[in-house]
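Please read the structure below before turning to the comments.
Numbering (this note's numbering), first residue to last: 221 to 623.
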């Protein structure tokens, strides 16, 4: 009997302990909700209120710049994949209170740094290029410095660029420091920073540094804010393109940058390079010029909606060559945009049976919801939208299987 009672009490104790644990967890989740946090929110920065469009642009710019600053600072290459915030190693394992305190300190550091000019910030950064230093402070300084260069038009900014250039040319500066400087220039993405990267590439004879500069040039167009591509970066690349034809690596980096920025003038330059080099569609399989090979590979990276007009002209113009049509149609198909798909449908309506393979390739790349809905809507209105070629229509319809 004693054994039975002992076993019963042990079971009851286990059940009571389990109930207590559930109650604590529920109470903790309720407490977090009262504080304005979702129960599982890994970041104390979660806020339910909606931001206005102007405030969103500023937040978007700071978020992009903060991420770029951490890329430039090797200490911050570890990220918490659960949140949009990037924390230093070990921060995510801290308590909510400690994490909040750390984030508040970071905010205060950034706010203080944002009150200084680009030149003053560079003076504070200069002594830490090659050292770990204070990671929190360096990241705040880098974020504020890049933001200052992007939004400020002060004369002192030119002095900041000159100092960055001098750092890259300083024979006594460690390579790690030059790597940080180049990363900052690649993250800033202003016309001046892009031009400086191009100039330093031509100036230096250090192959390691040249490779690093090429990597940063190819990043042009990666950093976006205000929900738009920054076409003001294209002219420097377009000018450099003309002198890059004898340098395959530089041609590749510039072509990628031109495509990602996607300014109509830059995209026209890439399309024109292919048309001049290949002349006929058959020549696309045997491109001999490094610049034409770079252009062909880069045109798949065009995403700027403003480039659609140039590509549409190349695809639909009655004067366009077969090669031009193919190049422009292929670039449109890679965009993943409903406006690009609308242009492809215009082409498909009058395409011949001989162009069926193009329809298969181009519509087979379709991936965005709006494009699938557009194609489905067109196919359901045969009286309003007719296809000259039944074979082309079949391949357009098959694209819906990829949804």
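Quick reminder that beta carbons are idealized off the backbone N, C-alpha and C, glycines included.
Keep in mind that this is a model prediction, so the values were computed, not measured.
Compare the C-alpha of residue 364 against each of 461, 588, 329 and name the closest.
Within the chain shown, the letter at position 144 stands for residue 364. That would be 329, whose Cα lies nearest to the Cα of residue 364.
Review point. Using the beta-carbon count (16 or more within 10 Å), is residue 332 buried or exposed?
Key: By one-based count along the chain shown, residue 332 stands at place 112. In the assembly as shown, residue 332 is an exposed residue. Its beta-carbon has fewer than 16 other beta-carbons within 10 Å.
- Item | Where residue 448 sits in the DSSP three-state scheme | What you label residue 448 is simply residue 228 of the chain shown in a count that begins at 1. Strand at residue 448.
Quiz prompt | Rounded straight-line distance, which links the Cα of residue 338 to that of residue 387 | solution = Counted from its first residue, the chain shown places residue 387 at position 167. Counted from its first residue, the chain shown places residue 338 at position 118. Straight-line Cα distance between these residues: approximately 16 Å.
Supposed contact pair residue 579 and residue 615 - C-beta distance, whole angstroms, cut 8 Å:
On the chain shown, position 395 is the one that residue 615 refers to. On the chain shown, position 359 is the one that residue 579 refers to. Separation of the CB atoms of residue 615 and residue 579 is rounded to 4 Å, and the pair is thereby assigned contact status at 8 Å.
query = Are there 16 or more other CB atoms within 10 angstroms of the CB of residue 500, so buried, or fewer, so exposed?
reply = Sequence index remark: in the chain shown, residue 500 carries index 280 (1-based). Around the CB of residue 500, fewer than 16 other CB atoms lie within 10 Å, so the residue is classed as exposed.
Practice item. Report all residues from its chain with a CB closer than 7 Å to the CB of residue 418; omit the five preceding and five following residues, and keep chain order. Key: To locate residue 418, count along the chain shown from 1; it is residue 198. Closer than 7 Å at the Cβ level, and outside the excluded window around residue 418, lie 437, 456, 460.
Counting beta carbon pairs with one atom in the stretch 497-511 and one in the stretch 524-536, are three or more of them shorter than 8 Å?
By the Cβ test, the stretch 524-536 is not in contact with the stretch 497-511, since fewer than three Cβ pairs between them sit closer than 8 Å.
What do you get for residue 622, buried or exposed, if any count of 16 or more other CB atoms within 10 angstroms of its CB means buried? Counting from 1 along the chain shown, the entry for residue 622 is found at position 402. Burial call: exposed.
Review point. In the structure shown, what three-state DSSP assignment does residue 394 receive?
Key: The residue labelled residue 394 in the question sits at position 174 within the chain shown. Of the three classes helix, strand and coil, the one that applies to residue 394 here is coil, per DSSP.
From residue 320 to residue 516, what does the alpha carbon distance come to, in whole angstroms? Counted from its first residue, the chain shown places residue 320 at position 100. Counted from its first residue, the chain shown places residue 516 at position 296. The alpha-carbon atoms of residue 320 and residue 516 are separated by roughly 49 Å.
Check: Would you report the Cα separation of residue 607 and residue 584, rounded to the nearest angstrom?
Finding: Mapped onto the chain shown, residue 607 falls at position 387. Mapped onto the chain shown, residue 584 falls at position 364. Those two C-alpha atoms are separated by around 18 Å.
For residue 417, three-class secondary structure by DSSP: Here residue 417 is taken as the residue at index 197 of the chain shown, counted from 1. Helix, per DSSP.
Residue 356 versus residue 327: straight-line alpha-carbon distance, rounded:
The residue labelled residue 356 in the question sits at position 136 within the chain shown. The residue labelled residue 327 in the question sits at position 107 within the chain shown. Whole-angstrom Cα-Cα distance: 10 Å.
Q. By the 10 Å Cβ neighbour count, where 16 or more other Cβ atoms means buried, how is residue 359 classified, buried or exposed?
A. The count along the chain shown starts at 1 and reaches residue 359 at position 139. Answer is buried; the Cβ neighbour count reaches 16.
For this session: Please determine, among 596, 453, 549, 525, the residue with the shortest C-alpha to C-alpha distance to residue 536.
Result: Within the chain shown, residue 536 is the residue found at index 316, counting from 1. Closest option to residue 536, Cα to Cα, is 549.
Margin query: Let's test the definition: count the other Cβ atoms within 10 Å of the Cβ of residue 256 and tell me whether it reaches 16, buried, or not, exposed.
Written below: Position 36 of the chain shown, counted from the start, is the residue given in the question as residue 256. Only weak support is given to the placement of residue 256: the predicted model assigns it a pLDDT of 42, under 50, and the value that follows is read from those uncertain coordinates. When all chains shown are included, residue 256 counts as exposed.
- request: Figure out for me which residue from 377, 344, 392, 379 has the closest Cα to the Cα of residue 361.
  value: Reading the chain shown from its first residue, position 141 is the one you call residue 361. Comparing Cα-Cα distances from residue 361 to each of 377, 344, 392, 379, the minimum goes to 344.
>> Please give the ranges of any alpha helix (DSSP H) in the stretch 420-493, keeping only runs that are unbroken, at least 4 residues long and fully inside the region.
In response: List check, alpha helix (DSSP H) in window: 427-438, 454-461, 468-481.
Could you spell out the range, first to last residue, of the alpha helix (DSSP H) harbouring residue 526? As a first step, residue 526 is located in the chain shown; it is residue number 306 there, counting from the start. Careful: residue 526 lies outside any alpha helix (DSSP H) and carries neither H nor E.
*Three-state class that DSSP yields for residue 586 in the structure shown*: As a first step, residue 586 must be located in the chain shown, where it is residue number 366. Residue 586 sits in coil when the DSSP states are folded into three classes, being neither helix nor strand.
Report the option in 564, 558, 581, 480 whose CA atom is closest to the CA atom of residue 590. Walking along the chain shown from the start, residue 590 turns up at place 370. Residue 590 has its Cα closest to that of 558, out of 564, 558, 581, 480.
- Message: So, at 7 Å on beta carbons, what are the nonlocal neighbours of residue 341 in its own chain, with the 5 sequence-adjacent residues on each side left out?
- Response: Reading the chain shown from its first residue, position 121 is the one you call residue 341. Exclusion of the five residues before and after residue 341 leaves 333, 361, 364, 365, 368 as the residues of its chain whose Cβ lies within less than 7 Å of its Cβ.
Requested in this report: Taking residue 452 as the reference, give the member of 476, 462, 486, 541 with the closest Cα.
Outcome: Here residue 452 refers to the residue found at position 232 when the chain shown is read from its first residue. When only C-alpha atoms are compared, the closest one is 486.
Between residue 521 and residue 476, how many whole angstroms is the CB-CB distance? I'm expecting something under 8 Å.
The residue you call residue 521 lines up with position 301 of the chain shown. The residue you call residue 476 lines up with position 256 of the chain shown. Rounded, the Cβ-Cβ distance is 6 Å, consistent with contact.
**Q.** Buried versus exposed call for residue 577 [16 or more other C-beta atoms within 10 Å across all chains shown]
**A.** Numbered from its first residue, the chain shown carries residue 577 at position 357. Classification for residue 577: exposed.
Check: Alpha carbon to alpha carbon, how far is residue 397 from residue 380?
Finding: Along the chain shown, read from residue 1 onward, the residue named residue 397 stands at position 177. Along the chain shown, read from residue 1 onward, the residue named residue 380 stands at position 160. Computed Cα separation, rounded: 16 Å.
- Message: Can you tell me where the alpha helix (DSSP H) holding residue 569 begins and where it ends?
- Response: Numbered from 1 along the chain shown, position 349 holds the residue referred to as residue 569. Unbroken alpha helix (DSSP H) run through residue 569: 558-570.
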